[in-house]
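Residues in the sequence shown are numbered consecutively from 0, following numbering that gives the first Met the number 0. What follows is a set of notes on a single structure, which appears directly below.
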Amino acid sequence: MGLFSRKKKLDDGLAKTRKGFFAGIMEMMNAGSIDDSFYDDLEEQLILADTGADEAVRLVEELHARVKADRIKTASDALAALKDIITHEMEADSPMDLSGHPAVILVIGVNGVGKTTSIAKLAHLYKEQGKKVMLAAGDTFRAAAAEQLSIWADQVEVPIVKHSEGADPAAVIFDAVKSAEAHNCDVVICDTAGRLHNKQNLMSELSKISRSVNKACPAASVETLLVLDAITGQNAISQATQFISAANATGIILTKLDGTAKGGAAISVKQKLGLPVRFVGVGEGMDDLMEFAPADFADALFREE
Numbered sequence: 000m001g002l003f004s005r006k007k008k009l010d011d012g013l014a015k016t017r018k019g020f021f022a023g024i025m026e027m028m029n030a031g032s033i034d035d036s037f038y039d040d041l042e043e044q045l046i047l048a049d050t051g052a053d054e055a056v057r058l059v060e061e062l063h064a065r066v067k068a069d070r071i072k073t074a075s076d077a078l079a080a081l082k083d084i085i086t087h088e089m090e091a092d093s094p095m096d097l098s099g100h101p102a103v104i105l106v107i108g109v110n111g112v113g114k115t116t117s118i119a120k121l122a123h124l125y126k127e128q129g130k131k132v133m134l135a136a137g138d139t140f141r142a143a144a145a146e147q148l149s150i151w152a153d154q155v156e157v158p159i160v161k162h163s164e165g166a167d168p169a170a171v172i173f174d175a176v177k178s179a180e181a182h183n184c185d186v187v188i189c190d191t192a193g194r195l196h197n198k199q200n201l202m203s204e205l206s207k208i209s210r211s212v213n214k215a216c217p218a219a220s221v222e223t224l225l226v227l228d229a230i231t232g233q234n235a236i237s238q239a240t241q242f243i244s245a246a247n248a249t250g251i252i253l254t255k256l257d258g259t260a261k262g263g264a265a266i267s268v269k270q271k272l273g274l275p276v277r278f279v280g281v282g283e284g285m286d287d288l289m290e291f292a293p294a295d296f297a298d299a300l301f302r303e304e
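Below, the structure written as structure tokens:
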């Protein structure tokens, strides 16, 4: 996907958010002077856009300091500063580690957040980049989970490794990594059970899976991506804390951004969870999962209609 096409998809996907609460921010920024009421109104609009109260307060405080330090006089220049602050806030500290041979991506999250379709779209994205991709049906507990993933694998035209329902997920992923190594695949994307485990069981299961990856191929790298539903906003972020400490997650896939007017939740993900957003879903099409670019996101949020 070209740069222009990616920006256009992100721009279209954030239309509801931009035309919703962020439209109020744009009106403020175009209205004129920067005074105390300006900051109060901005904080309120950010909270309404579902950035979370703590994040809204912190963003406004940082903007206030930037305006003072840079002697910003106009609301339009303040908007540019706010975009810069948001971009910096959301930048990842380092890129995903896909250096392994193969690179293994474990995808975790509760049922209903778009986990299976995100796996398919991620496979499509990497295949479009010229990588050899394999899927692993590690959700052996939900009825027909492997069959559903197989349908997606056929559509994307990538191989899949699966066992019978109720099989050991670690064994499935072990076999997938072994197969990927034998067939010189670049990336193995692994589904996992979307149950709400208690913390100890989740930790044990994912730890066993990670050990199985290392046992199958010591040269493999492992990333663990947590899928969150943007429509549930701050509630999704609260729920995510159940997974992160147990799962050693390394990044976020944020789905359904196109379905909400409260896309501001994306801004607070890194601050609240300590994890970067790696991918965003902005539609139902196979090309509608894209690598997250903070500057493009900020531009799309504040683009004038």
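Cβ atoms here follow ideal geometry from the backbone N, Cα and C, with glycine treated the same way.
Could you give the residue range of the alpha helix (DSSP H) that holds residue i?
| i | result |
| --- | --- |
| residue 37 | 35-47 |
| residue 257 | Here residue 257 belongs to no alpha helix (DSSP H), and DSSP marks it neither H nor E. |
| residue 69 | 52-69 |
| residue 298 | 293-300 |
| residue 267 | 264-272 |
| residue 16 | 14-18 |
Nearest to residue i by alpha carbon, out of the options?
| i | options | result |
| --- | --- | --- |
| residue 225 | 33, 93, 117 | 117 |
| residue 37 | 54, 67, 74, 9 | 74 |
| residue 128 | 258, 211, 185 | 185 |
| residue 201 | 161, 34, 247 | 247 |
| residue 178 | 101, 240, 149 | 101 |
| residue 288 | 91, 279, 94 | 279 |
| residue 157 | 126, 267, 72, 114 | 126 |
| residue 84 | 91, 6, 65 | 65 |
| residue 213 | 88, 99, 33, 284 | 99 |
| residue 11 | 115, 262, 119, 267 | 262 |
| residue 252 | 290, 233, 260, 146 | 290 |
| residue 249 | 111, 92, 231 | 92 |
| residue 19 | 267, 259, 292, 233 | 259 |
| residue 276 | 148, 54, 68, 227 | 227 |
| residue 285 | 8, 119, 106, 159 | 119 |
| residue 166 | 176, 35, 145 | 145 |
| residue 110 | 302, 300, 254, 301 | 254 |
| residue 94 | 113, 176, 221 | 221 |
| residue 13 | 245, 238, 230, 237 | 230 |
| residue 56 | 209, 267, 294, 283 | 267 |
| residue 59 | 69, 238, 70, 40 | 40 |
| residue 76 | 161, 245, 33, 54 | 33 |
| residue 51 | 209, 236, 211 | 236 |
| residue 63 | 35, 234, 53 | 35 |
| residue 238 | 107, 161, 149 | 107 |
| residue 115 | 292, 173, 150 | 150 |
Which whole-angstrom value is the C-beta distance of residue i and residue j, which I expect to be below 8 Å?
| i | j | result |
| --- | --- | --- |
| residue 190 | residue 136 | 6 Å |
| residue 155 | residue 123 | 5 Å |
| residue 78 | residue 188 | Their Cβ separation, rounded to whole angstroms, is 38 Å, which puts residue 78 and residue 188 out of contact at 8 Å. |
| residue 139 | residue 103 | That pair is no contact at about 17 Å. |
| residue 48 | residue 86 | At roughly 16 Å, the Cβ-Cβ gap does not stay under 8 Å, so residue 48 and residue 86 are not in contact. |
| residue 141 | residue 80 | Not a contact, Cβ separation roughly 47 Å. |
| residue 298 | residue 281 | Rounded, the Cβ-Cβ distance is 14 Å, inconsistent with contact. |
| residue 305 | residue 27 | Lying before the first or after the last residue shown, residue 305 is absent from the chain, which here runs from 0 to 304. |
| residue 169 | residue 159 | The Cβ separation is near 17 Å, so there is no contact. |
| residue 82 | residue 301 | 6 Å |
Residue i lies in the beta strand (DSSP E); which residues open and close that run?
| i | result |
| --- | --- |
| residue 308 | In the structure displayed, the chain extends from 0 to 304; residue 308 sits before or after that span and is not available. |
| residue 240 | Not the beta strand (DSSP E): residue 240 falls in the alpha helix (DSSP H), residues 232-246. |
| residue 220 | 220-228 |
| residue 81 | Segment 74-89 is the alpha helix (DSSP H) holding residue 81; no beta strand (DSSP E) there. |
| residue 164 | Premise fails: residue 164 is in no beta strand (DSSP E) and is neither H nor E. |
| residue 190 | 186-190 |
| residue 333 | The first residue shown for the chain is 0 and the last is 304, placing residue 333 beyond what the model contains. |
> Quick one: any contact between the segment 17-26 and the segment 37-49, if contact means 3 or more CB pairs under 8 Å?
Replying inline: Enough Cβ pairs lie closer than 8 Å, so yes.
> Which runs of the beta strand (DSSP E) fall wholly inside the segment 96-162 and span at least 3 residues, in chain order?
Replying inline: 102-107, 132-136
> Within the chosen definition, does the segment 199-207 reach the segment 127-145 through at least 3 CB pairs nearer than 8 Å?
Replying inline: no
> Below 8 Å, can you find three or more Cβ-Cβ pairs linking the segment 271-287 to the segment 210-219?
Replying inline: no
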